[in-house]
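Line order of the protein sequences matches chains L and X. If you count by our numbering, then the first sequence holds residues 37 to 413, one letter each, in order. If you count by our numbering, then the second sequence holds residues 37 to 413, one letter each, in order. Here a beta-carbon is modelled for each residue, glycine too, at the ideal position from N, C-alpha and C. To keep things clear, I will list the structure first and then write my remarks on it.
There are 2 protein chains.
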Amino acid sequence: MDSRQGHPEPDSESPPVAASSPRSPKLKASSKLNRWSMARALRSGVKIIDRPINAPHRQATTEESDRKTSAVDGDDVAAGKSIYLVSDGTGWTAEHSVNAALGQFEDRLVNRGCSVNTHLFSWVEDEEKLLEIINQAAKQKAMCFYTLANPSMSKSAKEACDQLGVLSVDILGPIIEGIASHLGVSPSGLTRGAPGRVKTLNDAYFKRIEAIEFTIKQDDGTLPENLGKADIILVGVSRTGKTPLSTYIAQKGYKVANVPFVMGVEPPKTLFEVEPRKVFALTIQLVVLQAIRRTRAKTLGVDTEGENRYSGFDLVRKELDFASKIYEKNPGWAVIGNNNNSYVTNKAIEETAAVILRLYHDSSDSSTSVPCISKRF
Amino acid sequence: MDSRQGHPEPDSESPPVAASSPRSPKLKASSKLNRWSMARALRSGVKIIDRPINAPHRQATTEESDRKTSAVDGDDVAAGKSIYLVSDGTGWTAEHSVNAALGQFEDRLVNRGCSVNTHLFSWVEDEEKLLEIINQAAKQKAMCFYTLANPSMSKSAKEACDQLGVLSVDILGPIIEGIASHLGVSPSGLTRGAPGRVKTLNDAYFKRIEAIEFTIKQDDGTLPENLGKADIILVGVSRTGKTPLSTYIAQKGYKVANVPFVMGVEPPKTLFEVEPRKVFALTIQLVVLQAIRRTRAKTLGVDTEGENRYSGFDLVRKELDFASKIYEKNPGWAVIGNNNNSYVTNKAIEETAAVILRLYHDSSDSSTSVPCISKRF
């Protein structure tokens, strides 16, 4: 989902926004409203027949064949559909939200070979640059998501998109409005880069840095004497995803240690002295682990023939059995992956992290009827 | 911003949702609409006088003083206002978006001591649990953000919130609708945990794992012979944030190496053999670095007296000078922090990462008029 690709070619002859008229006169407000009502129908469960992807755009390109067209003009099947993400800050909110929403179309994207290109524009803090980007979106027949803290910028974005027939969605606006209404406080309207924003070098910042550094130092079973200082300890055989999971969870401010379970090697004594609720035992389906290890061995160029090799069926099975037996002796540990809830198997890092953190908070305070992760700002 | 706190006490006598009537009869649709129009007015730049935070809620609690109230009922100044985040997946999209939006209220939250409590409910995949949570939100006078892929679940959430007078915002719905409309394809409506979702063990997954593991192995200047294999190399003196930045960027699928610049120690030769556009030189204001190092020294308990100590003004200045001289000799490196754009100084990890990645993509392909980060899905 995160393979990078080059930028599309710009149209060097693009007219300035102020002087430009919409390149797609067919995309008027009424047509846009139709598209929106169709989308609403889709969401409410009405099934529609998928229209051929890109067809209208290909037609438009043909109509314009007498004009100079560059790679950014229109879409073709190879280039895919474009989505613009425009932010006056880092752009990570737009990227994160749109990535999550794209998960709703993965069958189309992954299995049917249709592609979507996202273009993330960050630190867009002046109107001129904003309009240049929206103008380019119009030419590329892209849609536009934006997160703009400054109300006049988000108003400009909406107006320019409407005028140029660019389908647009304000991601942050409704959330800010909701919170403003709930708190009865005006939002600051300040972008992340604005001098008036509160400085980030606070206790939480230092705590997070400390968590990340702790986690890196503890990786792969190093410094077992420090296990008691960890918030969360991950255990499991090689290739159950301990390292990526540890660093992901550390970014959220938790000190994570991970301890590899290696066939026939006794885990460190300190592991059995920590509170069991802090220990998360990762497990995984035999065939999946074998496939992962085969890929890993290929990368390292180390796998040898024979049944005792790293990705060999027999060794993998024995190692999983070895780990299972230790898990059984420690019923206070949460086993992530058993009972057909194979959380580690085929799950992305974020998903396993979410499962672990919910269990962690649940066990540290189970006073709510539905477990949740609570934070104070 | 990420200090954790315990869960509020549940009201064990809470009636089931189906039988319950709104606990706050004043919060009817009309009043909710008023709050919304106020929020819109706020966003459009109209200044309103902030009403005393929590005042209406305190009043409500007084009115109900003959009833059993627990910590979740109503708000008080110490407990702060509550925001519920409800997701049928990990909940990270809701958390990320709401955290970003809360940045618009940080003056109120940080400087005036008013607090907001967020409660993240993940993997809410059945209606019963959903209604239980919304019922609890109503009792706690919380507002509710939700990301629910299943259209019938998101419809239920909206209806239950409206019925119980809970202010609610659908975060993912408008984004999914926008993309569906743009692509002309129906969303799957499948939650992350649904069996029909495409498996995540694809090339991008392995690439990301590899990036994270590479980055951890290269941390703090280890294995300089591998610098050529890195996508991005961060250099800088101690405490400029190389390690947290490296792991954050690695999560996005880039192999990152970092090389510390230590006073009087020659950096590895291989650093000067890599493409300069891959090297990002971190710098920081003298006083800020000194403050960070003082905190660090306190944590480690290592700082000694005298001018040559780790956080001493003289050593810090000399180290920054030492680094600057190397930067000057390598004009192809992007210096992050100079020219009053002190990106590292007082910036959160995400912000510096966004600056670096934009420059990285800009320099790897500068064919668009406005630089952006492009990806293909």
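(message) On the DSSP bridge list, what partners appear for LEU121(X)?
(response) DSSP output for LEU121(X) lists LEU156(X) and PHE181(X) as bridge partner(s).
(message) Using only the alpha-carbon positions, how far apart do ILE170(X) and ARG329(L) sit?
(response) C-alpha separation (whole angstroms): 44 Å.
(message) Can you find the residues in the same chain that come closer than 8 Å, C-beta to C-beta, to ILE385(X), ignoring five residues on each side of it along the sequence?
(response) Taken in chain order, the residues that qualify are GLY277, PRO280, LEU281 and TYR284.
(request) Less than 8 Å between the CB atoms is what I'm expecting for GLY127(X) and ALA390(L), so what's the real figure, rounded? (result) Between the beta-carbon of GLY127(X) and that of ALA390(L) there is about 6 Å, and that keeps the pair under the 8 Å contact cut.
(message) Taking 6 Å as the limit between beta carbons, can you name the residues of its chain near SER133(X), skipping five residues before and five after?
(response) Once the five neighbours on either side are set aside, the close Cβ partners of SER133(X) are ILE207.
(message) For LEU69(X) and ASP239(L), what's the separation of their Cα atoms in angstroms?
(response) For LEU69(X), the predicted model reports a pLDDT of 41, less than 50, meaning its position is unreliable; a value from the coordinates is still stated below. Straight across, the Cα-Cα distance linking LEU69(X) with ASP239(L) is about 38 Å.
(request) Classify SER188(X) as buried or exposed, calling it buried when 16 or more other Cβ atoms lie within 10 Å of its own Cβ. (result) The residue in question, SER188(X), is exposed, as its Cβ has fewer than 16 Cβ neighbours within 10 Å.
(request) Quick one: residues in its chain with C-beta nearer than 6 Å to the C-beta of PHE316(L), no 5 flanking neighbours on either side, listed in chain order? (result) The residues LEU270, ALA370, ILE372 and ILE392, in chain order, have a CB closer than 6 Å to that of PHE316(L) in the same chain once the five nearest residues on each side in sequence are set aside.
(request) Out of SER192(L), ALA196(L), GLU161(L) and ARG144(L), state which residue places its alpha-carbon closest to the alpha-carbon of ALA216(X). (result) A check of alpha carbon separations from ALA216(X) across SER192(L), ALA196(L), GLU161(L) and ARG144(L) identifies ARG144(L) as the nearest.
(message) Short of 8 Å Cβ to Cβ, which residues in the stretch 239 to 250 of chain L face chain X?
(response) So the close ones are ASP239, ALA240, TYR241, PHE242, LYS243, ARG244, ILE245, GLU246, ILE248 and GLU249.
(message) Looking at chain X, is there any beta carbon in it that lies within less than 8 Å of the beta carbon of TYR284(L)?
(response) By this cut-off, TYR284(L) is an interface position.
(request) State buried or exposed for GLU311(X), treating a residue as buried only when at least 16 other CB atoms are found within 10 Å of its CB. (result) With fewer than 16 Cβ atoms within 10 Å of its Cβ, GLU311(X) is classed as exposed.
(message) Taking DSSP's pairing of strands, which residues face VAL202(L) in a bridge?
(response) VAL202(L) pairs with nothing; no bridge assigned.
(request) Count the other CB atoms, across all protein chains shown, that sit within 10 Å of the CB of ARG244(L); report buried if there are 16 or more and exposed otherwise. (result) Buried: at least 16 other Cβ atoms inside 10 Å.
(request) For LYS354(X), go through chain L and note every residue whose CB falls closer than 9 Å to its CB, in chain order. (result) Chain L residues near LYS354(X): none, gap ~23 Å exceeds 9 Å.
(request) Out of PHE413(X), VAL406(X) and LYS411(X), state which residue places its alpha-carbon closest to the alpha-carbon of MET161(L). (result) Inspection of the sequence shows that residue 161(L) is occupied by Glu rather than by Met. Relative to the Cα of GLU161(L), the nearest Cα in the group PHE413(X), VAL406(X) and LYS411(X) belongs to VAL406(X).
(request) Please classify PRO280(X): does DSSP put it in a helix, a strand, or coil? (result) Taken through DSSP and simplified to helix, strand or coil, PRO280(X) comes out as helix.
(message) Counting only C-beta atoms, is GLU168(X) closer than 8 Å to chain L at any point?
(response) By this cut-off, GLU168(X) is an interface position.
(request) Would you mind working out which of ARG353(X), ILE362(X), ASP357(X) and ILE211(X) sits nearest PHE308(X), comparing C-alpha positions? (result) In terms of Cα proximity to PHE308(X), the closest of ARG353(X), ILE362(X), ASP357(X) and ILE211(X) is ILE362(X).
(request) Identify which residue in THR388(X), TYR241(X), LYS288(X) and GLY368(X) has its Cα closest to the Cα of ARG313(X). (result) Taking each of THR388(X), TYR241(X), LYS288(X) and GLY368(X) in turn and checking the Cα distance to ARG313(X), the smallest one comes out for GLY368(X).
(request) Taking a Cβ distance cut-off of 9 Å, strictly less, list which residues of the stretch 141 to 161 of chain X are near chain L, in chain order. (result) Taking 9 Å as the Cβ-Cβ cut-off, the stretch 141 to 161 of chain X approaches chain L at PHE141, GLU142, ASP143, ARG144, LEU145, VAL146, ASN147, CYS150, SER151, VAL152, ASN153, THR154, HIS155, LEU156, PHE157, SER158, TRP159 and VAL160, given in chain order.
(request) Reducing DSSP to helix, strand and coil, say where LEU259(X) ends up. (result) If DSSP states are grouped into helix, strand and coil, LEU259(X) belongs with coil.
(request) Buried or exposed for VAL205(L), please, with buried defined as at least 16 other CB atoms from any protein chain shown within 10 angstroms of its CB. (result) When all chains shown are included, VAL205(L) counts as buried.
(request) May I have the straight-line CA-CA distance separating LEU200(L) from PRO231(L), to the nearest angstrom? (result) Rounded to whole angstroms, LEU200(L) to PRO231(L) spans 33 Å at the Cα level.
(request) For VAL324(X), name the three-state secondary structure that DSSP assigns. (result) Collapsing the DSSP output to three states places VAL324(X) in a helix.
(message) Against chain X, which members of the stretch 196 to 208 of chain L pass a CB distance test of less than 7 Å?
(response) Along the stretch 196 to 208 of chain L, the positions whose C-beta sits under 7 Å from a C-beta of chain X are LEU203, VAL205, ILE207 and LEU208, read in chain order.
(message) I'd like to check one pair, PHE349(X) with GLN326(X): are the Cβ atoms closer than 8 Å?
(response) Yes, the Cβ-Cβ distance between GLN326(X) and PHE349(X) is below 8 Å.
(message) On a Cα-Cα basis, can you pick out the residue from TYR241(X), THR331(X) and ALA185(X) that is closest to THR331(L)?
(response) Scanning TYR241(X), THR331(X) and ALA185(X) for the CA closest to the CA of THR331(L) turns up TYR241(X).
(request) With a 10 Å radius around its C-beta and 16 neighbouring C-beta atoms as the bar for buried, classify ASP357(L) as buried or exposed. (result) Around the Cβ of ASP357(L), a 10 Å sphere holds fewer than 16 other Cβ atoms; the residue is exposed.
(request) Give the C-beta separation of ALA196(L) and LEU167(L) to the nearest angstrom, bearing in mind that I take them to be a contact with Cβ-Cβ under 8 Å. (result) LEU167(L) and ALA196(L) do touch by the CB rule: their CB atoms are close to 6 Å apart, below 8 Å.
(message) Give me the DSSP bridge partner(s) of GLY272(L).
(response) According to DSSP, GLY272(L) bridges with PRO296(L).
(message) Using a Cβ-Cβ distance cut-off of 8 Å, determine whether PHE413(X) contacts chain L.
(response) At least one chain L Cβ lies under 8 Å of PHE413(X).
(request) Can you tell me which of the three DSSP states ALA230(X) falls into? (result) It is coil, neither helix nor strand.
(request) Output yes if chain X places a C-beta closer than 8 Å to the C-beta of GLN287(L); else output no. (result) Yes - at least one Cβ of chain X is within 8 Å of the one on GLN287(L).
(message) Can you check whether the C-beta of SER67(L) is within less than 8 Å of a C-beta belonging to chain X?
(response) In this prediction, SER67(L) scores a pLDDT of 45, lower than 50, which makes its location untrustworthy; the coordinate-derived value is nonetheless stated afterwards. It does not; no Cβ of chain X falls within 8 Å.
(request) With distances taken Cα to Cα, identify the nearest neighbour of VAL323(X) among ARG353(X), TYR120(X), PRO304(X) and VAL273(X). (result) That would be ARG353(X), whose Cα lies nearest to the Cα of VAL323(X).
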